[in-house]
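Residue -15 is where the sequence shown starts when you use our numbering, and the numbers rise one by one after that.
Just so it is clear, CB atoms sit at the ideal spot from N, CA and C, and this is done for glycine as well.
Accompanying notes for the structure given below.
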Amino acid sequence: PEADVKSHLLKIVRRVCVEQRGKLIIPAFSIDRTQELVYALDQLESEGYLPHIKVYVDSPLSVSATMVMKNHPECFNPEVLAYLEKGDGDAFGFPNLHYISSVEESKKLNDSTEPCIIISASGMAEAGRIKHHIANHINDVRCCILLVGYTSPDSLGGQLKSGAKQVHIFGEKHDVRAEVL
C-alpha cells in the first residue's frame, strides 16, 4: 500500500541522508517509476516529513517525461487530482527538488559531499548516468543504492540485488560497500 511505501522510503531517507550523511542513489525507469518516486517525495514534503535535503532527478529522459506528465493533469487518477486540488497544483515539484539535464550538473553531484537523493535512469543500472553515480558511491558505507523495480539477473542492478560483493562498472572492479536495498 502507498502509505507503507512512503513510510518505508522516509525511514531510508532519514537513516541514509540524515543519520549517516550519505547519498541515496535510486536507479529508476524514466517513465512511471521516476514519477511515482517524485510524487511520494512530494507528498512527504507537503506533509512536513521529508528532511531538508536536496532531491535530484538526473536523467534527460526522466526530466522530459516528468514535464510531459506535469502538462497533462487530465490524465491523472482521482487520487492525484485530489492531491493537486488541496496543494499547490504540482505533484512533481517542491523546493528541494532539482531536475538535471546537463552533463556538467550531473558530474557535480558526484563531487558533492552533501547528503542527497539522486534518482537516475536506467532502472536496471545498465546504462546512463546512474552507472556513474553508482561507480562514484558504491565504496561509501554511508550511501545506499535503493533498487525500486525489476532488474534482470545479469544487469548491474541484478548483481547488486543478488548481494554481489564486487561488481564491474566501466571495466573496473568495485567493492560493494554501500548498502543495497
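Decide if the region 127 to 145 is in contact with the region 11 to 27; the criterion is three or more beta carbon pairs, one per stretch, under 8 Å apart.
-> Touching, per the Cβ criterion.
Using alpha carbons as the reference points, say which of 28, -9, 46 lies closest to residue 113.
-> Residue 46 is the option with its Cα nearest to residue 113.
Just mark residue 106 as buried or exposed, buried being the case when its beta carbon has 16 or more other beta carbons within 10 Å.
-> Of the residues assessed, residue 106 falls on the buried side of the cut-off, its CB having 16 or more other CB atoms within 10 angstroms.
Three or more C-beta pairs below 8 Å linking the region 30 to 49 and the region 85 to 102 = With the cut-off at 8 Å, the region 30 to 49 and the region 85 to 102 touch.
When DSSP builds the beta bridges, which residues end up paired with residue 158?
-> DSSP lists 151 as partners of residue 158.
Determine contact between the region 147 to 162 and the region 108 to 127, defined as no fewer than three beta-carbon pairs at a distance below 8 Å.
-> When Cβ pairs closer than 8 Å are counted between the two stretches, the region 147 to 162 is seen to touch the region 108 to 127, the count reaching three or more.
Identify every residue that forms a DSSP beta bridge with residue 8.
-> According to DSSP, which records beta bridges pairwise, residue 8 is partnered with 101, 128.
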